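What follows is a set of notes on a single structure, which appears directly below.
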Amino acid sequence: MDQLEVLVVGNGGREHAIVLGLSESHSVSTLHCTPGNAGTIDLAMNHNVSASDIEGIVSLSKELDVSMVVVGPESPLVDGLSDRLRREGIPCFGPNSEGAMLEGSKLHAKKIMEQLGIPTAKFKIIRNQSSINESLDEFNPPWVIKRDVLAGGKGVTVTSSRKEAHNVLKDGIELDKFVLLEEYLEGEEASILVIMDESGYVMLPPSQDHKRAFDGDIGPNTGGMGAYAPAPVASPSVIARTREEIVEPMHHHLRNSSTPYRGCLYVGLMINQDGSPKVVEFNVRLGDPEAQVTIPLIRSDFGEALMATALGKLETVEVDFSDKHASTVVLASEGYPGEVISGRYVSGWDTKIEEGEVLGLCHIAGAVTSDDGRLISTGGRVLSATGVAPSLAEALEASYQIIEGVQLEGSHYRKDIGSGGL
Ligand code: AMP
Ligand code: GLY
Numbered sequence: 005m006d007q008l009e010v011l012v013v014g015n016g017g018r019e020h021a022i023v024l025g026l027s028e029s030h031s032v033s034t035l036h037c038t039p040g041n042a043g044t045i046d047l048a049m050n051h052n053v054s055a056s057d058i059e060g061i062v063s064l065s066k067e068l069d070v071s072m073v074v075v076g077p078e079s080p081l082v083d084g085l086s087d088r089l090r091r092e093g094i095p096c097f098g099p100n101s102e103g104a105m106l107e108g109s110k111l112h113a114k115k116i117m118e119q120l121g122i123p124t125a126k127f128k129i130i131r132n133q134s135s136i137n138e139s140l141d142e143f144n145p146p147w148v149i150k151r152d153v154l155a156g157g158k159g160v161t162v163t164s165s166r167k168e169a170h171n172v173l174k175d176g177i178e179l180d181k182f183v184l185l186e187e188y189l190e191g192e193e194a195s196i197l198v199i200m201d202e203s204g205y206v207m208l209p210p211s212q213d214h215k216r217a218f219d220g221d222i223g224p225n226t227g228g229m230g231a232y233a234p235a236p237v238a239s240p241s242v243i244a245r246t247r248e249e250i251v252e253p254m255h256h257h258l259r260n261s262s263t264p265y266r267g268c269l270y271v272g273l274m275i276n277q278d279g280s281p282k283v284v285e286f287n288v289r290l291g292d293p294e295a296q297v298t299i300p301l302i303r304s305d306f307g308e309a310l311m312a313t314a315l316g317k318l319e320t321v322e323v324d325f326s327d328k329h330a331s332t333v334v335l336a337s338e339g340y341p342g343e344v345i346s347g348r349y350v351s352g353w354d355t356k357i358e359e360g361e362v363l364g365l366c367h368i369a370g371a372v373t374s375d376d377g378r379l380i381s382t383g384g385r386v387l388s389a390t391g392v393a394p395s396l397a398e399a400l401e402a403s404y405q406i407i408e409g410v411q412l413e414g415s416h417y418r419k420d421i422g423s424g425g426l
């Protein structure tokens, strides 16, 4: 394949992982990132265009004459970045706005799943305050309430308090005119990232995120506090059922839609005790922090796979995986996931582990380099310490060795990442 020049859009840990994966690809010669962060700057040229500035990104891509744009976050996809790039003839990894509605609207995703017979939680649309009580009676607690908006994982409430459920439904109706009330699914969650285009799809190794803020899965929901892969809860039989009952029908549906889906379909699963997978959510991008533990397990050329997908030719490339394990532990700012205190110096983040088959490093997320060259926190999830090793235990040991060496006043991280996989 040609020497690719790639622009990556976004500034999180996921984008650092994408840039790192591309930097190790023989097919890629030049890397750009916009706006990027203090991690991507070591491997790519960072640019000053925000991920939400669609026209700015289109102009930058033309100016740089890149071979492909890889879009990290969902918002620009929902807002039509891929549509605009494709109209200019620039290949893009990331679905266009029609495909991105699978994440942009939970109701839209539910309707598609209903139409295709894909297993997911039962749901009801609540439009009138007068029907709240009757609707709460139809579902057993805990109640799951979802706003139909892009809310970065924060539009979902799971509660056993009828009073809280009532209030959240009432507020949701006032804000958005309607809310979804969903059946509560018991089980363990797993994420399966599926790279797909109209020619085919590849399921990446399953991972497990830890969404709650504190050890033991307690506290508020976050964007994700750490992850590991492969996740044994997604056993070979769960993966086979996911392929047959979820991925195949979705691929068939998307390949026949008017604009083909070229990117990553993130399948968020709840797996019950019998090993039956149900869809909790679809996202239209790589997960964060799932990308940090999944990309390092791809052994074949990552750039080639993304480029082939952007061109609708995924079927023509071979994608294979190492048999290693990866883990990542998120370091969050004081206050996260509530009001965050940022603007603090971070030190000890640049330690790397390279001991035989064990690797460790920090994926930078919400942090930038200040004028004096030091790292300074800018967001909730500041970085995640990633380990890759022949076993999960060794990967976790590397992650924790690295994160214990990082200093950031007031920060916190979970001590039990990966415990479900050990
Ligand atoms: P979502 O944004 O739809 O992924 O929801 C955020 C989180 O809420 C999920 O990762 C689950 O932990 C939880 N959740 C969402 N829907 C359900 C459900 N139907 N049953 C149980 N937990 C759920
Ligand atoms: N880690 C969850 C997400 O990326 O949506």
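Taken in order, the sequence shown gives residues 5 to 426; the numbers are from the working numbering. Note that beta-carbon positions come from the ideal geometry of N, C-alpha and C, so glycine has one too. Since the model is a prediction, treat every value here as computed from it, not as a measurement.
Just to confirm the assignment: which complete beta strand (DSSP E) runs, minimum length 3, are found wholly within the region 347 to 426?
357 to 359, 362 to 368, 371 to 373, 379 to 381, 385 to 393
Three-way DSSP call (helix, strand, coil) for Asp141 in this model:
If you number the sequence shown from 1, residue 141 lands on position 137. Asp141: helix per DSSP, three-state reduction.
Within a Cβ cutoff of 7 Å, which residues of the same chain sit near Glu361, ignoring the five residues on either side of it in sequence?
Mapped onto the sequence shown, residue 361 falls at position 357. Counting only Cβ-Cβ distances below 7 Å, and skipping sequence neighbours, we find Ala393, Pro394.
Please tell me whether, using a cut-off of 6 Å, the distance from the CB of Asp213 to the nearest non-hydrogen atom of the ligand GLY is below it.
As a first step, residue 213 must be located in the sequence shown, where it is residue number 209. Yes; taking the cut-off as 6 Å, the Cβ of Asp213 has a heavy atom of the ligand GLY nearer than that.
Output the distance between the C-alpha atoms of Gly342 and Arg90, rounded to the nearest integer angstrom.
Against the sequence shown, residue 342 aligns to sequence position 338. Against the sequence shown, residue 90 aligns to sequence position 86. Cα to Cα, the separation comes out at about 38 Å.
In the DSSP output, what is Phe218 paired with across the bridge?
Counting from one through the sequence shown, the residue named residue 218 turns up at place 214. For Phe218, which the question treats as bridged, DSSP gives the partners Ile222.
What alpha helix (DSSP H) runs, 4 residues minimum, are completely inside the region 47 to 88?
58 to 68, 78 to 82
Check this for me: beta carbons of Phe286 and Leu106, under 7 Å apart or not?
Taking the sequence shown and counting its residues from 1, one reaches residue 286 at position 282. Taking the sequence shown and counting its residues from 1, one reaches residue 106 at position 102. Yes, they are a contact pair.
Assuming Ala402 and Thr332 are in contact, meaning their beta carbons sit under 8 Å apart, how far apart are those beta carbons, in whole angstroms?
Counted from its first residue, the sequence shown places residue 402 at position 398. Counted from its first residue, the sequence shown places residue 332 at position 328. Not really, about 10 Å apart at Cβ, beyond 8 Å.
Relative to the C-alpha of Val13, which candidate in Glu67, Glu78, Ser33 has its C-alpha closest?
The sequence position of residue 13 within the sequence shown is 9, counting from 1. Among Glu67, Glu78, Ser33, the Cα nearest to that of Val13 is on Glu78.
Measuring alpha carbon to alpha carbon, tell me which of Phe127, Leu185, Pro300, Ser27 ends up nearest Ile149.
Residue numbering aside, residue 149 sits at position 145 when the sequence shown is read from its first letter. Of Phe127, Leu185, Pro300, Ser27, the residue nearest in Cα terms is Leu185.
Distance, Val242 Cα to Ser164 Cα:
Mapped onto the sequence shown, residue 164 falls at position 160. Mapped onto the sequence shown, residue 242 falls at position 238. Distance between the alpha carbons of Ser164 and Val242 is about 29 Å.
Hey, would you say the C-beta of Gly291 is under 6 Å away from at least one heavy atom of the ligand GLY?
Residue mapping note: residue 291 aligns to position 287 of the sequence shown, counting from 1. Yes - the ligand GLY has a heavy atom lying nearer than 6 Å to the Cβ of Gly291.
If you run the structure through DSSP and keep just helix, strand and coil, what is Thr263?
Counted from its first residue, the sequence shown places residue 263 at position 259. DSSP, read as helix, strand or coil, puts Thr263 in coil.
Contact between the region 314 to 332 and the region 213 to 221: three or more CB pairs below 8 Å?
no
If you measure between the beta carbons of Arg385 and Ala369, is that distance less than 7 Å?
Taking the first residue of the sequence shown as 1, we reach residue 385 at position 381. Taking the first residue of the sequence shown as 1, we reach residue 369 at position 365. Yes, Cβ-Cβ distance for Arg385 and Ala369 is below 7 Å.
Within the present structure, is the beta-carbon of Gly383 separated from the nearest heavy atom of the ligand GLY by less than 6 Å?
Counting from 1 along the sequence shown, the entry for residue 383 is found at position 379. Every heavy atom of the ligand GLY is 6 Å or more from the Cβ of Gly383, so no.
Near Thr320, which residues of its chain fall below 7 Å by C-beta distance, leaving aside the five closest residues on each side in sequence?
The residue labelled residue 320 in the question sits at position 316 within the sequence shown. Only residues of its own chain outside the window of five on either side were considered, and among them Ala312 have a CB closer than 7 Å to the CB of Thr320, listed in chain order.
When you compare only the Cα positions, how much space is there between Lys181 and Leu173?
Within the sequence shown, numbered from 1, the residue matching residue 181 stands at position 177. Within the sequence shown, numbered from 1, the residue matching residue 173 stands at position 169. Lys181 and Leu173: Cα-Cα distance of roughly 10 Å.
Report yes if the CB atom of Glu9 is closer than 7 Å to the CB atom of Val70, and no otherwise.
Taking the sequence shown and counting its residues from 1, the one referred to as residue 9 is at position 5. Taking the sequence shown and counting its residues from 1, the one referred to as residue 70 is at position 66. Their beta carbons are under 7 Å apart, which means Glu9 touches Val70 by this criterion.
Tell me the rounded alpha-carbon separation between Leu189 and Gly17.
Residue mapping note: residue 189 aligns to position 185 of the sequence shown, counting from 1. Residue mapping note: residue 17 aligns to position 13 of the sequence shown, counting from 1. When rounded, the distance between both Cα atoms is 29 Å.
Inspect the beta-carbon positions of Met49 and His36 and report whether they are closer than 7 Å.
Walking along the sequence shown from the start, residue 49 turns up at place 45. Walking along the sequence shown from the start, residue 36 turns up at place 32. Contact flag set, yes.
One question on the structure: do Ile129 and His170 come within less than 7 Å of each other, judged by their Cβ atoms?
Against the sequence shown, residue 129 aligns to sequence position 125. Against the sequence shown, residue 170 aligns to sequence position 166. No, these two residues do not count as a Cβ contact at 7 Å.
Please tell me whether, using a cut-off of 6 Å, the distance from the CB of Glu186 to the nearest non-hydrogen atom of the ligand PLP is below it.
In the structure on display, the ligand PLP does not appear, and the ligands it does have are the ligand AMP and the ligand GLY.
Spatial neighbours of Gly377 in its chain, beta-carbon cut-off 8 Å, leaving aside the 5 residues before and after
In the sequence shown, counting from the first residue as 1, residue 377 sits at position 373. There are no such residues.
Within 7 Å, strictly: CB atoms of Leu396 and Cys366:
Walking along the sequence shown from the start, residue 396 turns up at place 392. Walking along the sequence shown from the start, residue 366 turns up at place 362. No, the Cβ-Cβ distance between Leu396 and Cys366 is not below 7 Å.
Grab me the residues of Arg247's own chain with a C-beta within less than 7 Å of its C-beta, minus the 5 sequence neighbours each way, in chain order.
One-based indexing of the sequence shown puts residue 247 at position 243. Excluding sequence neighbours, Arg247 sits near Met207.
Within the present structure, is the beta-carbon of Asn287 separated from the nearest heavy atom of the ligand GLY by less than 6 Å?
One-based indexing of the sequence shown puts residue 287 at position 283. For the ligand GLY, at least one heavy atom lies less than 6 Å from the Cβ of Asn287.
State whether the region 94 to 106 contacts the region 257 to 276, with contact taken as three or more CB pairs (one from each stretch) at a distance under 8 Å.
Three or more Cβ pairs drawn from the region 94 to 106 and the region 257 to 276 lie within less than 8 Å of each other, which places the two stretches in contact.
Nearest-angstrom Cα separation, counted from Thr124 out to Ser280
As a first step, residue 280 is located in the sequence shown; it is residue number 276 there, counting from the start. As a first step, residue 124 is located in the sequence shown; it is residue number 120 there, counting from the start. Their backbone Cα atoms lie some 10 Å apart in a straight line.
Which of helix, strand or coil DSSP assigns to Asp201:
Position 197 of the sequence shown holds residue 201. Reduced to three states, the DSSP call for Asp201 is strand.
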